[in-house]
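One structure is given below, encoded as structure tokens.
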Amino acid sequence: MRTFLSILAMLVCVGMFAQTSVSGKVVDSGNLPIPGVNVVVVGTSTGTVTDFDGNFKLSVNQPLPFKIKASSVGFDTATVEITKNNQEVTIVLQEGTELDEIVLSASRTPERIRESPVTVERMDARAIKNSSSPSYYDALENLKGVDVNTNSLTFKSVNTRGFATFANTRFMQLVDGMDNSSPALNFALGNLLGMSELDVQTVELLPGASSALYGANAFNGIMFMRSKDPYEKQGLSFYAKTGMTSSENAGDNNFIDFGIRGAYAFSDKLAIKASFSFLNGTEWFATDYTNYDAATGDAIAGNRQTDPNFNGLNIYGDEVSTTLNFDSLSGAPAGTFGLSDVSRTGYEERDLMDYDAESVKMDLALHYKPFADDFTIIWNSKVGRGNTIYQGANRYSIKDFFMQQHKLEIRNNNFFIRGYVTAEKAGNSYDTRFAAINVNRRWKSDQQWFTEYATGYLGAITGAIPGVTPGNPDAAHAFARGLADTGRFEPGTPEFRAALNGVTADGDLLTGAKFIDNTKLYHSDINYNFSHLIDFADIQVGGSYREYVLNSEGTIFTDYDGPIRYDEYGAYVQVQKKFMEDKMKFTGSIRYDKAQNFDGNVSPRLSLVFSPDEAKKHNFRASFQTGFRNPTTQDQYIGLDVGNAILVGSAPDNLDRYTTRPITNNFPAGLEAFGLDRTVTLSGNDAYNNSFTLASFQAFGASAAAGAPNPALLQQANVQFVKPEQVSAFEVGYRGIVLDNIAIDVSAYYNAYKDFIANRTVIVPNYGNVNLSDVTDLTPVGGAPTPNALIAAGNGDFTPFQLYSNSNADINSYGVAIGANTKVFGDYDFGVNYTYAKLDFDQASDPDFETNFNTPEHKVKASFGNRNLFKNFGFNINWRWNDAFLWESTFADGTVSARSLVDFQINYRYKKSTFKLGAANILGHEYVSAPGVGTIGSQYFISWVIN
4 MRTFLSILAM
14 LVCVGMFAQT
24 SVSGKVVDSG
34 NLPIPGVNVV
44 VVGTSTGTVT
54 DFDGNFKLSV
64 NQPLPFKIKA
74 SSVGFDTATV
84 EITKNNQEVT
94 IVLQEGTELD
104 EIVLSASRTP
114 ERIRESPVTV
124 ERMDARAIKN
134 SSSPSYYDAL
144 ENLKGVDVNT
154 NSLTFKSVNT
164 RGFATFANTR
174 FMQLVDGMDN
184 SSPALNFALG
194 NLLGMSELDV
204 QTVELLPGAS
214 SALYGANAFN
224 GIMFMRSKDP
234 YEKQGLSFYA
244 KTGMTSSENA
254 GDNNFIDFGI
264 RGAYAFSDKL
274 AIKASFSFLN
284 GTEWFATDYT
294 NYDAATGDAI
304 AGNRQTDPNF
314 NGLNIYGDEV
324 STTLNFDSLS
334 GAPAGTFGLS
344 DVSRTGYEER
354 DLMDYDAESV
364 KMDLALHYKP
374 FADDFTIIWN
384 SKVGRGNTIY
394 QGANRYSIKD
404 FFMQQHKLEI
414 RNNNFFIRGY
424 VTAEKAGNSY
434 DTRFAAINVN
444 RRWKSDQQWF
454 TEYATGYLGA
464 ITGAIPGVTP
474 GNPDAAHAFA
484 RGLADTGRFE
494 PGTPEFRAAL
504 NGVTADGDLL
514 TGAKFIDNTK
524 LYHSDINYNF
534 SHLIDFADIQ
544 VGGSYREYVL
554 NSEGTIFTDY
564 DGPIRYDEYG
574 AYVQVQKKFM
584 EDKMKFTGSI
594 RYDKAQNFDG
604 NVSPRLSLVF
614 SPDEAKKHNF
624 RASFQTGFRN
634 PTTQDQYIGL
644 DVGNAILVGS
654 APDNLDRYTT
664 RPITNNFPAG
674 LEAFGLDRTV
684 TLSGNDAYNN
694 SFTLASFQAF
704 GASAAAGAPN
714 PALLQQANVQ
724 FVKPEQVSAF
734 EVGYRGIVLD
744 NIAIDVSAYY
754 NAYKDFIANR
764 TVIVPNYGNV
774 NLSDVTDLTP
784 VGGAPTPNAL
794 IAAGNGDFTP
804 FQLYSNSNAD
814 INSYGVAIGA
824 NTKVFGDYDF
834 GVNYTYAKLD
844 FDQASDPDFE
854 TNFNTPEHKV
864 KASFGNRNLF
874 KNFGFNINWR
884 WNDAFLWEST
894 FADGTVSARS
904 LVDFQINYRY
914 KKSTFKLGAA
924 NILGHEYVSA
934 PGVGTIGSQY
944 FISWVIN
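Written as structure tokens, this is what we have:
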């Protein structure tokens with residue numbers, strides 16, 4: 004009997020675990036099939052995806068009963084219980100509202116967007132599918148309050164709420180929890196080395212300060228890119244995209260972009276995913292030849308024919324300039340021939356770069372659940388290589404740039420701990436300004452070139468040159484330049500190419516242009532959520548640690564004798580509590596951060612969300628938070644001559660470490676006898692402790708040019724060492740549904756900044772004290788007792804430095820953003836948003852300071868489309884407009900014109916394939932994002948996605 008019962012029990016168990024078949028269909032509320040829906044067995048990784056007609060089939064080794072869950076982006080999740088074998092089910096998914104979207108970034112925990120204590124902008128896989136932009140990263144520009152500044156085809160810089168630069172160190176970009184900023188540059192290179200389009204689950208942006216949770220540099224905003232889970236998103240996906248870019252100066256150029264993603268769950272415990280993408284095209288051409296004042300960065304009149312000291316914006320090598328005193332050189336009495344500032348003939352940027360844009364990205368992730376529950380161990384490796392253009396103080400050709408990130412993370416629903424390393428190599432990257440300067444020097448030294456120029460000018464102006472009208476300065480300058488340019492390497496010739504190849508392979512900026520970078524970053528994070536242990540409130544604690552290892556071999560930083568190491572760390576706590584029958588939600592957090600070279604910072608955040616109605620269709624929020632930004636690696640440790648100025652970081656141990664190359668002074672022959680040195684070197688200490696303010700030096704120069712030099716106008720700079728920048732941010736907002744079908748999101752903010760980090764240009768005399776205390780008696784040579792610093796100023800013997808410090812000025816910004824989305828004409832999606840941003844700063848309070856606000860005051864964006872225009876067809880149109888605005892940067896200042904752009908796409912779906920035909924800037928309104936960058940035209944594309 005016992006044997007019989009044992010056999011019976013075994014048969015029952017076998018029956019209970021026999022394979023169960025489930026089939027069915029997933030439809031929307033209108034009974035239309037939904038393709039691509041994830042259908043999984045709850046609590047396992049077993050699942051499938053609906054086909055083009057919304058059908059699915061599952062074979063499950065699971066005891067009855069069990070539940071299956073259907074989920075798709077843009078719809079509410081639905082769960083159905085399976086009670087018998089071969090059961091057929093119809094699952095209806097209700098389209099979710101914007102208020103029900105789940106976000107993770109605002110509080111480091113999942114919450115509906117309506118409950119978010121701060122403004123959140125979000126883009127998911129469905130939005131990417133319907134985007135009219137060439138890539139999902141480009142599509143970010145359609146989000147409310149978001150600016151995307153195009154540095155090149157493959158490098159776009161995302162920003163919110165002003166203070167935008169291409170080196171956007173105020174904005175943080177996290178990819179699966181990893182900061183994918185360049186460790187040496189301290190900002191993300193757009194999506195050059197980011198995430199493949201096929202692997203994007205969601206993108207979330209928090210405009211404004213977020214330091215209370217995310218630490219230093221989450222100052223002006225933070226973007227979170229979250230990839231797809233290999234357990235939930237299995238299978239093979241593929242995309243291929245091609246088309247052309249078109250602009251007047253670059254013509255029509257083809258591009259290709261393709262990628263593949265694969266994911267597979269071997270069991271409930273082990274899953275793996277991998278992705279690869281490749282893009283190749285031609286950069287936008289930079290051909291702005293406006294004449295710029297190298298000292299001020301402002302546009303001025305003149306061209307190469309009319310200005311001997313011409314300095315074209317996208318022409319390099321003409322920064323090498325000197326003052327030629329033709330009276331002194333010829334021995335003529337003062338005032339006979341005068342003097343003139345003269346620059347060498349430069350090369351256009353397009354002669355110095357091949358404009359080859361490329362991005363190669365690979366991603367591998369292994370997910371292991373040892374207990375087949377939410378406890379997961381993740382190993383993730385990301386590797387990227389690319390070619391792009393970066394505009395900082397100069398324009399840099401980024402070639403074969405390589406970056407890799409490796410992460411180990413352990414997590415469950417209540418905690419995570421992760422550590423990762425980021426390592427980069429600059430590859431064959433180089434500075435185009437120094438490429439031009441040193442190509443020139445390869446065929447003729449500066450001294451020889453200027454000597455020949457002066458000889459030619461004096462010969463022409465005195466009538467010694469047949470065919471040149473004597474006494475005509477313009478004709479004399481033209482002849483002198485032609486004489487000095489004899490032997491010049493012409494672009495495209497073998498001699499020019501050989502010289503350029505040699506210069507760009509040389510890391511010594513005295514003779515070459517290559518920069519070397521092998522910098523690394525080590526980072527760790529930990530977070531624990533006590534919500535499962537504590538009932539009265541949700542409490543989280545966490546912290547982070549980061550170490551930089553700067554290694555440029557002296558080509559960027561002052562790491563001449565080995566890598567520079569420094570670190571920073573922080574810890575935080577957050578409390579969330581709901582009151583008034585869950586109608587009121589309070590969030591409070593505080594964080595402490597300490598960087599090696601600076602005092603610690605405390606960053607609090609307080610917020611309230613109030614939802615007065617039962618359905619929570621109306622949600623009001625208010626918050627106060629602080630943010631801070633540590634000075635970057637470059638702010639502290641750079642030591643780089645960029646041609647028109649020398650950049651020196653202000654870490655205390657950096658000042659003595661930096662010294663200039665030998666500088667040859669221009670004072671007249673014979674003054675060496677008075678104790679003046681013909682050749683000098685300057686240090687970082689000279690820049691910080693013995694310099695004039697730029698504004699006062701220019702004022703003195705103007706007085707001298709007017710014939711009445713006034714030394715009283717000169718002011719000592721007294722630049723202080725840089726310290727962390729702080730902001731206090733106040734925000735109120737509303738998110739809700741009005742008139743039953745219009746989703747509204749409104750926010751207003753006010754930011755007050757303290758110790759705003761700023762570049763300051765100062766003028767260092769090559770000899771003499773700026774307090775004018777050392778005086779040389781020039782009476783024996785027809786002069787008078789004169790302070791040495793004034794002798795230097797009168798002979799052009801001074802050197803501009805750009806230093807890193809803080810402004811004491813009151814700097815504030817404020818703005819409003821409002822967006823509305825709804826359905827019109829039945830199933831058509833319509834959205835419109837408006838953003839207002841304003842800087843409050845009195846320039847007179849700090850004349851030498853540039854805020855780099857770089858943001859339009861007014862922006863309007865609109866979208867109109869239908870995912871089901873008719874069977875299997877959809878379309879979308881995006882329109883963006885902004886007014887003109889001032890752009891300030893270390894490269895150049897100028898006004899960026901207003902622009903109005905239209906993007907369009909139409910798509911066709913067949914089974915698992917989506918075909919898309921589209922165009923960005925379809926009307927062909929060419930524009931630039933900033934002075935000096937490439938002129939952006941239209942981009943036409945066709946794509947095929949299997950997903």
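Its first residue numbered 4, the sequence shown is counted upward by one per residue in the working numbering.
By construction, the Cβ of each residue, glycine as well, lies at the ideal position given by its N, Cα and C atoms.
Checklist entry - Which parts of the region 348–379 are runs of the alpha helix (DSSP H), unbroken and 4 residues or longer, counting only runs that do not cross its ends? => result You should have 352–355.
Next on the checklist: Along the chain, where does the beta strand (DSSP E) containing residue 663 start, and where does it finish?
Outcome noted: For residue 663, there is no enclosing beta strand (DSSP E), as DSSP marks it with neither H nor E.
Checklist entry - Between 125, 131, 194, which lies nearest to residue 155 when the distance is taken from Cα to Cα? => result Nearest option by C-alpha distance: 194.
Item to check | Nearest to residue 253 (by Cα), restricted to the options 231, 288, 358 | outcome: Among 231, 288, 358, the Cα nearest to that of residue 253 belongs to 288.
Checklist entry - DSSP puts residue 889 in a beta bridge; with which residues? => result Within the DSSP bridge table, the entry for residue 889 names 898 as partners.
Checklist entry - Do you know whose CA, among 228, 209, 586, lies nearest residue 222's CA? => result Nearest C-alpha to residue 222: 209.
Item to check | For residue 800 and residue 688, believed in contact at Cβ under 8 angstroms, the rounded distance | outcome: The pair is not a contact, with the Cβ atoms about 19 angstroms apart (cut-off 8 angstroms).
Next on the checklist: Just to check my reading of the structure: residue 456 and residue 567 have Cβ atoms closer than 8 angstroms, yes? What is that Cβ distance to the nearest angstrom?
Outcome noted: Contact between residue 456 and residue 567 is ruled out by a C-beta separation of about 42 angstroms, above the 8 angstroms threshold.
Checklist entry - Looking at residue 202 and residue 185, is the spacing between their C-beta atoms short of 8 angstroms? => result It is not a contact, given that the beta carbons lie outside the stated cut-off.
Item to check | Simplified DSSP state of residue 338, which is helix, strand or coil | outcome: Residue 338: coil per DSSP, three-state reduction.
Item to check | Length of the line joining the Cα atoms of residue 685 and residue 673 | outcome: In this structure, the alpha-carbon of residue 685 lies about 23 angstroms from that of residue 673.
Checklist entry - Residues in its own chain within less than 6 angstroms of residue 876 by CB, not counting five upstream and five downstream? => result Residues of the same chain with a CB within less than 6 angstroms of the CB of residue 876, apart from the 5 flanking positions on each side, are 911 in chain order.
Next on the checklist: If I follow the unbroken alpha helix (DSSP H) through residue 455, where does it start and stop?
Outcome noted: First-last of the alpha helix (DSSP H) with residue 455: 449–464.
Checklist entry - So residue 551 and residue 569 are in contact, right, with Cβ under 8 angstroms, and what is the actual spacing, rounded? => result Right, the Cβ-Cβ distance comes to about 6 angstroms (below 8 angstroms), so this counts as a contact.
Checklist entry - Is the number of C-beta pairs between the region 711–729 and the region 805–815 that are closer than 8 angstroms three or more? => result Contact holds: three or more Cβ-Cβ distances are below 8 angstroms.
Checklist entry - Opposite residue 295 in the DSSP bridges: which residues? => result Answer by DSSP bridge pairing, in chain order: 302.
Checklist entry - In this structure, what does DSSP give as the bridge partners for residue 409? => result Note: residue 409 sits in a beta bridge opposite 384, 424.
Item to check | Cβ-Cβ separation, residue 109 to residue 119 (assumed contact under 8 angstroms), whole Å | outcome: Correct: roughly 4 angstroms between the Cβ atoms.
Item to check | Residue of 88, 352, 789 minimising C-alpha distance to residue 781 | outcome: It is 789 whose Cα lies nearest to the Cα of residue 781.
Item to check | Rounded Cβ spacing between residue 650 and residue 658 (contact assumed at less than 8 angstroms) | outcome: That pair is no contact at about 13 angstroms.
Next on the checklist: I need the straight-line Cα distance from residue 731 to residue 490, nearest angstrom please.
Outcome noted: So the alpha carbons of these two residues sit roughly 59 angstroms apart.
Checklist entry - What whole-angstrom Cβ distance do residue 167 and residue 632 have, given they're in contact under 8 angstroms? => result Actually they are not in contact, since the Cβ atoms of residue 167 and residue 632 sit about 14 angstroms apart, beyond 8 angstroms.
Next on the checklist: Considering Cα atoms alone, identify which of 652, 215, 65 is closest to residue 593.
Outcome noted: Out of 652, 215, 65, the CA that lies nearest to the CA of residue 593 is found in 215.
Checklist entry - Looking only at DSSP bridge pairs, what is residue 24 linked to? => result Answer by DSSP bridge pairing, in chain order: 62.
Checklist entry - Do you know offhand how far residue 250's Cα is from residue 941's? => result Cα-Cα distance, rounded: 7 angstroms.
Next on the checklist: Considering only their Cβ atoms, is the gap separating residue 358 from residue 318 smaller than 8 angstroms?
Outcome noted: Residue 358 sits away from residue 318, with the two beta carbons spaced by 8 angstroms or more.
Checklist entry - Would residue 308 be called buried (16 or more neighbouring beta carbons within 10 Å of its own) or exposed? => result The residue is exposed, with fewer than 16 neighbouring Cβ atoms inside 10 Å.
Next on the checklist: Please state the DSSP three-state secondary structure of residue 116.
Outcome noted: In the structure shown, the three-state DSSP call for residue 116 is helix.
Checklist entry - Cβ of residue 512 within 8 angstroms of Cβ of residue 437? => result Yes. Within cutoff.
Next on the checklist: When you compare the CB positions of residue 283 and residue 191, do they come within less than 8 angstroms of one another, or not?
Outcome noted: When the beta-carbon positions are compared, residue 283 and residue 191 stay at least 8 angstroms from each other.
Item to check | Simplified DSSP state of residue 792, which is helix, strand or coil | outcome: In the three-state reduction of the DSSP assignment, residue 792 falls in the helix class, which pools H, G and I.
Next on the checklist: Here's a check: name, in chain order, each residue in its chain whose Cβ is nearer than 7 angstroms to the Cβ of residue 695, leaving out the five neighbours to either side.
Outcome noted: Cβ contact annotation for residue 695 (same chain, cutoff 7 angstroms, sequence separation greater than five): 717, 718, 719, 720, 765, 766, 773, in chain order.
Next on the checklist: Could you check whether the region 267–282 touches the region 360–375, counting it as contact only if at least three pairs of C-beta atoms, one from each stretch, sit closer than 8 angstroms?
Outcome noted: The region 267–282 is in contact with the region 360–375.
Next on the checklist: Can you list, in chain order, the residues of its chain with a C-beta nearer than 7 angstroms to that of residue 14? Leave out the 5 residues immediately preceding and following it.
Outcome noted: At residue 14 the pLDDT is 34, less than 50, meaning the model places this residue with poor confidence; the figure from the coordinates comes in the next sentence. Same-chain partners within the cutoff: there are none.
Checklist entry - According to DSSP, what are the bridge partners of residue 545? => result Residue pairing by DSSP places residue 545 opposite 530, 575 in a beta bridge.
Checklist entry - Going by other Cβ atoms of all chains shown within 10 Å of its Cβ, with 16 needed for buried, is residue 22 buried or exposed? => result With fewer than 16 other Cβ atoms within 10 Å, it is exposed.
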